[in-house]
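What follows is a short report on a single structure.
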Amino acid sequence: MITYTKGWVDINKPNILIIGKTGAGKSSVINYVFGREVAPVGNVAEPMTRGIIPYDHESFTIYDSEGYELGDDKQRHYERLILDSLAESEYHIVWYAIPAADKRITELDIKLIKRIKREGFPVCLLLTKVDEPDEKQLNDMLATANEKLAGVNVFRLSVNANNNPALAASCNWKKLVDYSIEKAEQYLLKLKREEANTIITKATVAAGAVALSPIPFSDAALLVPIQTAMIFKIFSIYGVSLGKAVVTNVASAVLTTAIGQSFAGNLLKFIPFVGSIGGAIINTGVATAITGILGNMVADLCESGGDIERKFSSSSFIVGAVQKFKER
Ligand SMILES: Nc1nc2c(ncn2[C@@H]2O[C@H](COP(=O)(O)OP(=O)(O)OP(=O)(O)O)[C@@H](O)[C@H]2O)c(=O)[nH]1
Ligand SMILES: [Mg+2]
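In terms of the working numbering, the sequence shown opens at residue 1 and continues consecutively.
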């Protein structure tokens with residue numbers, strides 16, 4: 001039984017999709033990784049797995065899939081199926097299995113692997129059944145992968161290496177899973193950051209509009225709910241839940257301090273009549289800058305993991321935000 005590094009702290013488990021030709025040994029790979037028989041194994045001649053079947057592990061979920069059968073039409077159909085399925089579902093890394101027993105990597109395999117990579121998905125190559133070819137055949141396959149699939153990591157695997165310690169030692173089972181968890185985690189964080197960026201952009205536009213609003217003395221007061229909503233949405237992307245009061249307090253504190261700083265040395269702009277910073281009129285630049293800084297700092301915080309609530313409500317978060325505002 002192999003134990004795997006679990007890098008997952010605050011975010012979901014990675015979803016791994018395993019694909020490739022029928023009989024490539026995909027289901028056997030899953031069983032080996034799980035350390036027990038979970039996926040039914042067939043024979044090379046007859047397709048076994050049908051559809052897509054998830055197998056849930058403590059540190060990841062692997063989706064077993066129906067393999068493609070030989071024939072250009074069938075392979076093209078398969079390619080479409082895989083690309084559609086990647087677009088619709090939440091996979092974080094693809095394991096592309098090619099049996100070393102075939103002694104070659106086909107152009108269609110190369111094309112599909114490159115396409116998956118181009119779509120932005122992490123993908124790696126699983127060279128299965130490395131017990132079958134001789135050393136030269138295996139080296140030729142590795143050379144082809146190296147030449148035609150530069151940048152795609154290759155893992156040598158065999159579930160039949162028990163009686164051959166040298167072969168067993170050349171297999172990369174643990175590396176495969178550790179690498180996949182790490183890559184999937186990076187990919188998931190990238191997706192989450194993109195989602196957070198969309199929310200931040202929308203909030204900065206709304207904040208800029210508030211600064212242009214004709215309602216007198218209300219800018220700063222109107223900004224806080226925009227920022228609070230933005231922060232809540234970012235936290236929810238990363239699966240963090242915090243009380244409303246905490247978020248409102250931090251947003252108000254950052255805004256108050258930042259506005260206070262921006263009026264220092266420019267007292268003419270300050271309106272003593274209102275008597276509170278909440279009534280200050282701020283310009284669009286200030287409103288968008290402070291909102292963008294807050295949003296990005298919250299996303300950074302979520303990515304850093306650990307005790308997010310404590311870090312978020314600490315004075316160093318507020319001081320850091322104001323510092324960034326001054327340096328902008
Ligand atoms: N020699 C050798 N045979 C293997 C290895 N892994 C799997 N096989 C055999 O290859 C055949 C197909 O294995 P599966 O795991 O069912 O292959 P699959 O890719 O899931 O096939 P489909 O579900 O039909 O797409 C079985 O007879 C396995 O015993 C291996 O590492 N070495
Ligand atoms: Mg199968």
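Built from N, CA and C at the ideal position, the CB exists for glycine as well.
Run through the DSSP bridge pairs and tell me what Ala97 is partnered with. Gly20, Leu126
For the alpha helix (DSSP H) containing Arg76, name the first residue and the last one. 72–88
At what residues does the alpha helix (DSSP H) containing Tyr333 begin and finish? Absent from the structure is residue 333, since the part of the chain shown begins at 1 and ends at 328.
The region 238–250 touching the region 282–291, judged by at least three CB pairs closer than 8 Å: no
How is the beta strand (DSSP E) around Phe155 delimited, first residue to last? 154–156
Where Pro272 falls: helix, strand or coil (DSSP): Note that Pro272 scores a pLDDT of 42, beneath 50, so its modelled location is shaky and nothing firm can be said.
Considering only heavy atoms of ligand 1, does any lie closer than 8 Å to the CB of Pro225? no
If the criterion is Cβ atoms closer than 9 Å, does the pair Ile16 and Thr61 meet it? yes
Helix, strand or coil: which one does DSSP assign to Ala139? Note that residue 139 is Asn in the sequence shown here, rather than Ala. DSSP places Asn139 in helix when its eight states are reduced to three.
Once DSSP output is grouped into helix, strand and coil, what is the label at Tyr63? strand
Please report the residue range of the alpha helix (DSSP H) in which Pro47 lies. Here Pro47 belongs to no alpha helix (DSSP H), and DSSP marks it neither H nor E.
Would DSSP call Pro225 helix, strand or coil? helix
Would you check if the region 192–210 and the region 138–150 touch, i.e. whether three or more CB-CB distances between them fall below 8 Å? no
Note down the Cα distance separating His92 from Ile237, rounded to an integer number of angstroms. 16 Å
According to DSSP, is Asn162 helix, strand or coil? coil
Say yes only if the C-beta of Asp56 is nearer than 8 Å to one or more non-hydrogen atoms of ligand 2, and no if none qualify. no
Measuring alpha carbon to alpha carbon, tell me which of Lys174, Lys117, Asp109, Cys302 ends up nearest Thr22. Asp109
With a threshold of 6 Å on Cβ separation, who are the neighbours of Glu363 within its own chain once the five nearest residues in sequence on each side are excluded? Nothing can be reported for residue 363: it is not among the residues displayed for the chain, which extend from 1 to 328.
As a quick exercise: from Asp73, Arg76, Gly292, Lys103, pick the residue whose alpha carbon is nearest that of Gly208. Gly292
Classify Ser315: buried if its beta carbon has 16 or more other beta carbons within 10 angstroms, exposed otherwise. exposed
Bridge-paired residues (DSSP) for Asn15: Thr61
Taking 8 Å as the line, does the beta carbon of Met297 fall inside it for any heavy atom of ligand 2? no
C-alpha distance - Cys171 paired with Ile116, whole-angstrom precision: 25 Å
At which residues does the alpha helix (DSSP H) containing Thr106 begin and terminate? Note, Thr106: premise wrong, no alpha helix (DSSP H); not H, not E.
Quick check on the DSSP output: the alpha helix (DSSP H) that includes Val286 runs from which residue to which? 284–304
In the DSSP assignment, find the alpha helix (DSSP H) that holds Tyr187 and state where it starts and stops. 173–211
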